[in-house]
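K.L.:
Quick one: the structure is below, questions incoming.
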């Protein structure tokens, strides 16, 4: 039997060692990846279990009425989540109404219309704005936005819109400056940089040939945005919006400064209110361990987690239906 030359034998041995090391590397990488994924699920499950177990006393004491009750009286030990749930949803909706169109306009202008030097400068400014601590936004809102709302915006809105049938209910009340509308505006300022950054990155990644083809066929900028940019980037844009929604739902200190912190339920956007996060931040330091109040606050935290999950699930369903259509 013919023997292989020593050089070929050495080469085969090196290849075999390399393959062995590659197999060990693949196995190690797969194990680390699986561990990271399961660890994330374990952390999420742990958070949910802690909140649900901590809020069990409130859920058992009030039952389903905890979700619909507007009471929050630590003296009589009556607690309800309806007011803070309502405030959370309203301020988040107001924030998205203001933030999404503005962020989309800024992102589209930066990518398609702005001079490159100016676009880079403004994009950097947007990213820096996203790094500003939330308490700074709250202080700015309290000292600047609240007086402006009280002296200019709310009196004008009450005068011109307060008597309009239907929507007039949203613009009635004393012009204190604080309230659901102000809280939503502060949230809009906070979440706009996050949404804008995601949209900018998505618009930059769109293949140039798609837009150039549309322009070559005579499409306007609006038609390119509506028929090319939005359909191509729909999922990523929705992801950016959901990122902003999550930030708005869980924001605490900035909203606490400007929302009024009142446990009353009303339809007016000028009325003071509360969100789940702001109520927990205000009441948690004064809650004794093992008390019904502390259990109610933990139950509110669990409800906030459920709201976040439902919002994410709805967005997933919306994207899947859009992809099918």
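Residue numbers (the UniProt record's numbering): 1 to 325. No residue lacks a Cβ here, since even glycine has one placed at the ideal position from N, Cα and C.
1. From which residue to which residue does the alpha helix (DSSP H) around residue 176 run?
2. Please specify which runs of the alpha helix (DSSP H), each continuous and at least 4 residues long, are wholly inside the segment 35 to 83, giving them in chain order.
3. What residues are listed by DSSP as bridge partners for residue 273?
4. On the DSSP letters alone, give me the boundaries of the alpha helix (DSSP H) that residue 222 sits inside.
5. Can you tell me whether DSSP reads residue 95 as helix, strand or coil?
6. How is residue 123 classed by DSSP in three states: helix, strand or coil?
7. Out of 276, 249, 101, which has the shortest C-alpha to C-alpha gap to residue 262?
8. What residue range is occupied by the uninterrupted alpha helix (DSSP H) comprising residue 252?
9. Is residue 291 close to chain C, meaning its C-beta is less than 8 Å from at least one C-beta of that chain?
10. Does DSSP put residue 238 in a helix, in a strand, or in coil?
11. How about residue 247: is its Cβ closer than 7 Å to a heavy atom in the ligand ZN?
12. So what does DSSP say about residue 2, is it helix, strand or coil?
13. According to DSSP, is residue 25 part of a helix, a strand, or is it coil?
14. Specify the secondary structure class of residue 151 as computed by DSSP and reduced to three states.
15. Applying the criterion that 16 or more other CB atoms from any shown protein chain within 10 Å of the CB defines a buried residue, is residue 249 buried or exposed?
16. For residue 266, does the three-state DSSP call read helix, strand or coil?
17. So, helix, strand or coil for residue 218, using DSSP?
18. Taking 8 Å as the cut-off, decide whether the C-beta atoms of residue 271 and residue 162 are in contact.
19. Here's the rule: buried if 16 or more other CB atoms are within 10 angstroms of the residue's CB, otherwise exposed. What is residue 123?
20. Among 132, 131, 251, 156, which one has its Cα closest to the Cα of residue 183?
21. Rounded to a whole number of angstroms, what is the C-alpha to C-alpha distance between residue 324 and residue 169?
22. Can you give the Cα-Cα distance for residue 190 and residue 245, rounded to whole angstroms?
23. Using C-beta distances below 8 Å, list every residue in its chain close to residue 155, excluding the 5 sequence neighbours before and after it, in chain order.
24. Does the structure place the segment 46 to 66 close enough to the segment 293 to 305 that three or more beta carbon pairs sit under 8 Å?
25. Buried or exposed for residue 83, going by 16 or more other Cβ atoms inside 10 Å?
26. In terms of alpha-carbon separation, which member of 181, 282, 27 lies closest to residue 94?
27. Would residue 149 be called buried (16 or more neighbouring beta carbons within 10 Å of its own) or exposed?
28. Report the rounded CA-to-CA distance for residue 31 versus residue 23, giving the unit in angstroms.
29. Ordered along the chain, which non-local residues of its own chain (more than five positions away) have a Cβ less than 7 Å from that of residue 145?
30. Could you tell me which of 38, 118, 188 sits nearest to residue 100, measuring between CA atoms?
P.N.:
Taking the coordinates as given:
1. Run containing residue 176: none; DSSP gives neither H nor E here.
2. You should have 56 to 62, 65 to 68.
3. According to DSSP, residue 273 bridges with 260.
4. From DSSP, the alpha helix (DSSP H) with residue 222 extends over 221 to 224.
5. Helix.
6. Three-state DSSP puts residue 123 in a helix.
7. Of 276, 249, 101, the residue nearest in Cα terms is 276.
8. If you look at residue 252, you'll find it isn't in any alpha helix (DSSP H); DSSP assigns it neither H nor E.
9. The chain labelled as chain C is not found in the depicted structure, where only one protein chain is given.
10. In this structure, residue 238 counts as helix in the three-state DSSP scheme.
11. The model depicted lacks the ligand ZN and carries no ligand whatsoever.
12. Its pLDDT being 46, under 50, residue 2 is placed unreliably in this model, and the coordinates cannot settle the point.
13. Residue 25 falls in the helix class under three-state DSSP.
14. In this structure, residue 151 counts as helix in the three-state DSSP scheme.
15. Classification of residue 249: buried, given that the 10 Å Cβ count is 16 or more.
16. Coil.
17. Reduced to three states, the DSSP call for residue 218 is coil.
18. Result no, Cβ atoms of residue 271 and residue 162 do not sit closer than 8 Å.
19. Buried, since its Cβ has 16 or more Cβ neighbours within 10 Å.
20. Out of 132, 131, 251, 156, 251 has the C-alpha closest to the C-alpha of residue 183.
21. Confidence in residue 324 is poor, its pLDDT being 47 and thus under 50, which makes the residue's placement too unreliable to answer from.
22. Take the alpha-carbon of residue 190 and the one of residue 245: they are about 11 Å apart.
23. Sequence-distant partners of residue 155 (beyond 5 residues in either direction) whose C-beta falls short of 8 Å from its own C-beta, in its chain, are 175.
24. In this structure the segment 293 to 305 touches the segment 46 to 66; the number of beta carbon pairs closer than 8 Å is three or more.
25. The residue is buried, with at least 16 neighbouring Cβ atoms inside 10 Å.
26. Relative to residue 94, the option among 181, 282, 27 whose CA is nearest is 181.
27. Answer is buried; the Cβ neighbour count reaches 16.
28. Near 12 Å, if we compare the C-alpha coordinates of residue 23 and residue 31.
29. These residues qualify, in order along the chain: 182, 185, 186, 258.
30. Residue 100 has its Cα closest to that of 188, out of 38, 118, 188.
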